[in-house]
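Read through the structure below, which is laid out as C-alpha cells, and then see the notes.
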Amino acid sequence: ACETALLESFAQGSPRIISCGGGVPMREENVTAMRRCGTVVLLTARPETIFERVRYSHNRPLIEHNKTVEYIAELLEKRREKYEAAADVTIATDGKDTREICREIQDSVKEWEKQSC
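In terms of this note's numbering, the numbers along the sequence shown are unbroken and rise by one, the last being 1460.
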C-alpha cells in the first residue's frame, strides 16, 4: 500500500525515473501509476546473473534465506507474465556494464516513444 501511494504521488508530476522493487508490478494499480509516470522499462537478467549480483547482499528480504539460482528462477517465473505485461521496453542486462545498459535504455525508450506517437 505504501509503494502504491508513493507511485500515485509521483504520477502527478512530470515523467521521471523510478526504480521499483521486484513486487511492485504485481499490483495492477501500481502498473497504472507507473504508466502515468512515463515509459516503463523492464530490466531482465538470468537467474545466475541475479544470484551473482545479490549473493553477498542482505537487503533482499524475499531471497535472504533462499539465495539459490533455483529459487530465483522460480520467483522470476512466477512474476514473468506481470513484468512483461507492465513493460513498454525490455532490456536484458546480462554481461553488460552500467554504461551499456543506460545507452540501451535511452535508445530503446526513444524508439518506443517514436513508435507510440
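Think of the CB as a built atom: it goes at the ideal place given N, C-alpha and C, for glycine as much as any other residue.
Note that the coordinates shown come from a computational prediction; the quantities given were computed from them, not determined experimentally.
Per-residue DSSP class, three states only, for residue i
i: Ala-1435; result: strand
i: Val-1384; result: strand
i: Ser-1400; result: coil
i: Thr-1411; result: coil
i: Ala-1428; result: helix
i: Ile-1393; result: helix
i: Ala-1376; result: helix
Cβ pair residue i, residue j closer than 8 angstroms
i: Pro-1368; j: Lys-1421; result: no
i: Ile-1360; j: Phe-1353; result: no
i: Val-1384; j: Val-1452; result: yes
i: Ala-1376; j: Leu-1418; result: no
i: Ala-1429; j: Thr-1387; result: no
i: Arg-1396; j: Lys-1410; result: no
i: Glu-1346; j: Gly-1364; result: yes
i: Trp-1455; j: Asp-1440; result: no
Proximal residues to residue i (C-beta, below 6 angstroms), its chain only, five neighbours per side dropped
i: Ile-1415; result: Pro-1390, Ile-1393 and Phe-1394
i: Lys-1381; result: Looking at the sequence itself, residue 1381 is Gly, so the reference to Lys does not match. Excluding residues within five positions, the ones whose Cβ falls inside 6 angstroms are Pro-1358.
Residue i CB to nearest heavy atom of the ligand ADP below 7 angstroms
i: Leu-1350; result: With respect to the ligand ADP, the structure offers nothing, as it holds no ligand at all.
Chain-order list of residues whose beta-carbon lies under 7 angstroms from that of residue i (same chain, five-residue window excluded)
i: Arg-1423; result: none
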